[in-house]
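Taking it in order: structure first as structure tokens, then the write-up.
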Amino acid sequence: MDVASGLIQGFSVALAPGNLMWCFVGCFLGTVVGIMPGLGPAATIAMLLPLTFKMDPTSAIIMLAGIYYGAKYGGSTTSILLNVPGESASVVTCLDGYQMARKGRAGAALGIAAIASFVAGTVGVIALMLISPPLAKVALSFSSPEYFALMALGLAMVVLLAGRSLVKALMAMLVGLWIASIGTDLFTAVSRFTFGQSELLDGVDFVIVAIGVFAVGEVLGNMEQREAAQVLPVPKGLRNLLPTLEELKACRFAFLNGSVVGFLIGVLPGAGSTIASFISYGLEKAVSKHPEKFGTGVPEGVAAPEGANNSETGGALVPMLTLGIPGSSTTAILLAALILWGLKPGPLMIQDNPALFWGLVASMYVGNVMLLVLNIPLIPLFAQILRLPVELLYPLIFGISIVGVYSVSGSLFDVWMLAAFGLLGYVMRRLDYPSAPLILGLVLGDSMERALRQSLMMSQGELGILVSRPVSAIMLGLTVLILLLPLFRKANAWRVRALEENG
Amino acid sequence: MKSGANGDVVSGGVLTGLGVFVVIEASRWDYLAPDGPGPGFFPLWYGIALIALSLALMIGALKRRAAASETRADWREVGRALVAWAAFALSVALLKLLGFLLSFALLTLFIVSVMYRRPLGFGLAASVGSAAAFYLIFPLALNVALPVGVFGF
Numbered sequence: 114m115d116v117a118s119g120l121i122q123g124f125s126v127a128l129a130p131g132n133l134m135w136c137f138v139g140c141f142l143g144t145v146v147g148i149m150p151g152l153g154p155a156a157t158i159a160m161l162l163p164l165t166f167k168m169d170p171t172s173a174i175i176m177l178a179g180i181y182y183g184a185k186y187g188g189s190t191t192s193i194l195l196n197v198p199g200e201s202a203s204v205v206t207c208l209d210g211y212q213m214a215r216k217g218r219a220g221a222a223l224g225i226a227a228i229a230s231f232v233a234g235t236v237g238v239i240a241l242m243l244i245s246p247p248l249a250k251v252a253l254s255f256s257s258p259e260y261f262a263l264m265a266l267g268l269a270m271v272v273l274l275a276g277r278s279l280v281k282a283l284m285a286m287l288v289g290l291w292i293a294s295i296g297t298d299l300f301t302a303v304s305r306f307t308f309g310q311s312e313l314l315d316g317v318d319f320v321i322v323a324i325g326v327f328a329v330g331e332v333l334g335n336m337e338q339r340e341a342a343q344v345l346p347v348p349k350g351l352r353n354l355l356p357t358l359e360e361l362k363a364c365r366f367a368f369l370n371g372s373v374v375g376f377l378i379g380v381l382p383g384a385g386s387t388i389a390s391f392i393s394y395g396l397e398k399a400v401s402k403h404p405e406k407f408g409t410g411v412p413e414g415v416a417a418p419e420g421a422n423n424s425e426t427g428g429a430l431v432p433m434l435t436l437g438i439p440g441s442s443t444t445a446i447l448l449a450a451l452i453l454w455g456l457k458p459g460p461l462m463i464q465d466n467p468a469l470f471w472g473l474v475a476s477m478y479v480g481n482v483m484l485l486v487l488n489i490p491l492i493p494l495f496a497q498i499l500r501l502p503v504e505l506l507y508p509l510i511f512g513i514s515i516v517g518v519y520s521v522s523g524s525l526f527d528v529w530m531l532a533a534f535g536l537l538g539y540v541m542r543r544l545d546y547p548s549a550p551l552i553l554g555l556v557l558g559d560s561m562e563r564a565l566r567q568s569l570m571m572s573q574g575e576l577g578i579l580v581s582r583p584v585s586a587i588m589l590g591l592t593v594l595i596l597l598l599p600l601f602r603k604a605n606a607w608r609v610r611a612l613e614e615n616g
Numbered sequence: 010m011k012s013g014a015n016g017d018v019v020s021g022g023v024l025t026g027l028g029v030f031v032v033i034e035a036s037r038w039d040y041l042a043p044d045g046p047g048p049g050f051f052p053l054w055y056g057i058a059l060i061a062l063s064l065a066l067m068i069g070a071l072k073r074r075a076a077a078s079e080t081r082a083d084w085r086e087v088g089r090a091l092v093a094w095a096a097f098a099l100s101v102a103l104l105k106l107l108g109f110l111l112s113f114a115l116l117t118l119f120i121v122s123v124m125y126r127r128p129l130g131f132g133l134a135a136s137v138g139s140a141a142a143f144y145l146i147f148p149l150a151l152n153v154a155l156p157v158g159v160f161g162f
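Line by line, the protein sequences are chains A and B.
For the first sequence, our numbering assigns the number 114 to the initial residue and increments by one for each residue that follows.
For the second sequence, our numbering assigns the number 10 to the initial residue and increments by one for each residue that follows.
And the structure:
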């Protein structure tokens with residue numbers, strides 16, 4: 114199926130009334146969670162995942178993806194009005210967005226963020242549509258050794274860019290691999306790490322860990338302090354939200370920069386939208402005629418990171434859909450969702466499920482238009498969400514988490530595990546252990562072990578098979594190089610600085 | 010959120026223990042079976058890696074602790090989070106006895122009126138309102154079952 118016919122099929126799926134409604138629900142929820150500080154798309158998707166089990170997978174992925182990219186739109190609102198990023202990728206937007214708001218240009222800053230998100234989000238979808246099919250064709254030639262090497266490379270990238278301490282990121286990943294091992298071994302039916310509990314024979318459900326670490330852990334972290342931040346007033350009326358022609362002209366390059374940088378960074382596992390927005394901001398500043406003004410409230414300083422942040426979504430979906438390798442916590446949860454619905458993300462995904470793949474791509478075009486229409490006139494209304502008292506919000510998140518986990522298995526044992534993983538998520542935050550490697554280790558652990566064991570079966574136990582095949586040798590070489598990178602002082606200083614500037 | 014050296018020593022110790030447990034368990038299963046690697050193969054290697062990394066973290070943290078004065082953790086903040094977690098865990102423990110709706114209402118009341126010090130009347134209204142909203146959305150609208158207690162709801 115070529116791109117044109119795929120897209121026609123995709124639009125016929127995405128424009129079906131039911132899917133349009135789910136796309137709207139996803140975009141709306143995404144915008145709301147993007148606005149709420151402390152509740153990210155990963156936590157929201159994890160909490161809602163159990164409710165999608167009875168849905169058609171295409172409608173469900175359209176809604177969950179809507180939450181993913183919708184949150185990117187909403188994330189800028191708190192950065193601009195509160196100087197508090199709604200999610201980590203909006204940290205850079207605070208630099209100039211909040212300064213613009215303080216100068217009375219909050220409306221223009223919010224408008225620029227929405228326009229940049231729309232332009233770059235659309236570019237990201239176009240690139241996703243053009244790159245995914247050929248990449249999937251290449252990946253079809255992969256066998257177990259290549260898959261093992263690819264997963265090792267993906268995990269190494271995530272570990273490299275996940276936290277200030279490489280050791281802690283690696284340890285979080287290893288704990289994820291351990292959790293993935295709990296249950297019955299698929300090759301020999303031996304039960305591993307079950308502590309004599311029959312409830313653990315089927316393994317630990319991914320949903321429990323994701324909701325515990327992200328939703329419960331995040332809320333516990335936020336509850337450390339009682340005070341809430343003060344919100345700046347949002348100008349009312351559509352006219353006040355539109356940037357001037359001069360401001361838009363100044364953002365021309367920033368829109369392009371954000372679109373391209375965001376997509377390219379998104380394709381790399383582990384880099385994520387936070388790094389994308391940071392690099393795009395740095396690039397914009399480097400080529401600017403007035404770099405000294407950055408940080409004082411220039412529109413390009415809002416357009417570039419917001420664009421990169423949104424274009425990254427399209428990029429991040431490329432390895433997830435075509436290789437079955439997620440590059441971030443959110444795509445890991447989306448990947449787990451596809452598996453839970455009985456689908457097999459990977460090179461055959463486009464071929465076996467064209468309606469789902471092309472429907473998702475087309476829904477992202479539709480969703481971007483919806484978000485632009487939704488965001489510009491409704492920003493003042495959305496900003497009111499920030500006035501929702503946290504003391505009401507947090508118990509609701511606890512309640513939805515319990516219902517989400519209980520609805521999967523109907524087991525109170527799983528709800529106890531939710532409490533345990535919630536505490537783990539909080540302790541990890543407190544002790545500066547990144548959660549993304551844990552989640553990716555958990556998602557990839559099973560497949561990684563299977564690929565390794567199948568590779569060694571193919572070679573009758575010879576580890577040389579992993580390096581005797583050119584593609585796997587190159588990927589494993591890169592993996593080793595990535596993990597050794599922090600040993601070189603300059604490279605590590607750059608890595609740490611990039612992560613620290615991202616908060 | 011930056012962690013102190015003490016936190017790294019303690020977490021390193023716990024993870025060393027986990028690594029040792031993984032290695033001991035893995036050594037009880039086949040490392041290599043006739044048709045390839047056994048169930049102990051993969052866990053053994055990541056268990057060893059976990060021990061090595063945990064020890065590296067602990068040694069690094071001990072060196073840092075000796076070189077510089079340790080910034081103290083804000084135990085007031087940690088305490089608030091742990092109290093919230095304890096309330097959450099207690100509400101989970103009460104699910105079997107009281108069911109979801111009552112346990113959740115009590116959890117909401119505790120968070121609103123005790124942790125955030127809002128008036129009791131407001132807390133009661135919030136807890137009853139939230140529990141009612143959950144009942145309307147999940148069992149009634151979405152047909153999603155909630156844990157039921159001895160009172161039948």
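No residue lacks a Cβ here, since even glycine has one placed at the ideal position from N, Cα and C.
From a predicted model like this one, the values you see are computed outputs, not experimental measurements.
Is it true that the CB of I148/A sits closer than 8 Å to the CB of L469/A? no
Could you check what DSSP says for L283/A in three-state terms: helix, strand or coil? helix
is_contact[A150/B, chain A] using C-beta, thresh 8 Å: no
Does the Cβ-Cβ distance between A58/B and V280/A come in under 8 Å? no
If I measure Cβ to Cβ from L438/A and keep anything under 7 Å in the same chain, skipping five residues before and after, which residues do I get? Sequence check: residue 438/A is Ile here, not Leu. Answer for I438/A: L263, M264, G267, P382 and P432, listed in chain order.
Given 8 Å, three or more beta-carbon pairs between the segment 517–535 of chain A and the segment 218–237 of chain A: no
Taking CB distances under 8 Å as the criterion, tell me whether A262/A reaches chain B. no
Going by DSSP, what residues sit across from A304/A in a beta bridge? The sequence shown places Ser at residue 304/A, not Ala. Bridge partners of S304/A: T297/A.
Anyone know if the C-beta pair for G375/A and A389/A falls short of 8 Å? yes
Taking any Cβ of chain B, which residues in the segment 138–152 of chain A have a Cβ under 8 Å from it, in chain order? none
Can you give me the Cβ contacts of L24/B inside the same chain, cut-off strictly under 7 Å, excluding the 5 residues immediately before and after it? L59 and S63
Contained alpha helix (DSSP H) runs [length at least 4] in the segment 530–585 of chain A, N- to C-terminal order: 549–571 and 578–581
Less than 6 Å between C-beta atoms, sequence neighbours within five positions excluded: which residues of the same chain meet that for I510/A? A328 and V332
DSSP three-state label for A82/B, please. coil
Residue ranges of each alpha helix (DSSP H) within the segment 150–207 of chain A, 4 or longer: 154–161 and 170–195
Go to D465/A, then tell me how far its alpha helix (DSSP H) extends in each direction, as first and last residue. M462 to D465
Assign P48/B to one of three DSSP states: helix, strand, or coil. coil
Nearest neighbour of S139/B, chosen from L151/B, V121/B, P128/B and D44/B [CA to CA]: V121/B
Near V556/A, which residues of its chain fall below 7 Å by C-beta distance, leaving aside the five closest residues on each side in sequence? F319, P439, A445, L448 and A449
With respect to the alpha helix (DSSP H) encompassing S390/A, which residues constitute its N-terminal and C-terminal limits? G385 to V400
Under 8 Å Cβ-Cβ, which residues of chain B neighbour W516/A? With the sequence shown as reference, residue 516/A is identified as Val, and Trp is not the correct amino acid for it. F109, F143, F147, V153 and L155, listed in chain order.
May I have a chain-ordered list of the alpha helix (DSSP H) segments no shorter than 4 residues that lie completely inside the segment 211–298 of chain A? 219–252, 257–275 and 279–294
If we cut at 8 Å on Cβ distances, does W4/B have a partner in chain A? Since the first and last residues shown for chain B are 10 and 162, residue 4/B lies out of range.
Of the choices A142/B, E86/B, A35/B and L103/B, whose alpha-carbon is the least far from that of F50/B? A35/B
Taking only the alpha-carbon atoms, compute the straight-line gap between F308/A and F255/A and give it to the nearest angstrom. 37 Å
I'd like to know if W84/B contacts chain A, where contact means its C-beta is closer than 8 Å to some C-beta of that chain. no
Just the C-alpha distance for I89/A and F306/A, rounded to the nearest angstrom, thanks. Outside the modelled stretch of chain A, which goes from 114 to 616, sits residue 89/A, for which no answer is possible.
Just mark K624/A as buried or exposed, buried being the case when its beta carbon has 16 or more other beta carbons within 10 Å. Given that chain A is displayed from residue 114 to residue 616, the structure contains no residue 624/A and the question cannot be resolved.
By DSSP's criteria, L41/B is part of a beta bridge. Which residues make up the other side? P46/B
Going by C-alpha to C-alpha distance, which of V87/B, Y125/B and V19/B sits closest to I188/B? Absent from the structure is residue 188/B, since the part of chain B shown begins at 10 and ends at 162.
Which residues in chain B sit within 8 Å of L164/A, going by Cβ to Cβ distance? L151 and V153
Classify N335/A: buried if its beta carbon has 16 or more other beta carbons within 10 angstroms, exposed otherwise. buried
Between which two residues does the alpha helix (DSSP H) carrying M134/A extend? P130 to I148
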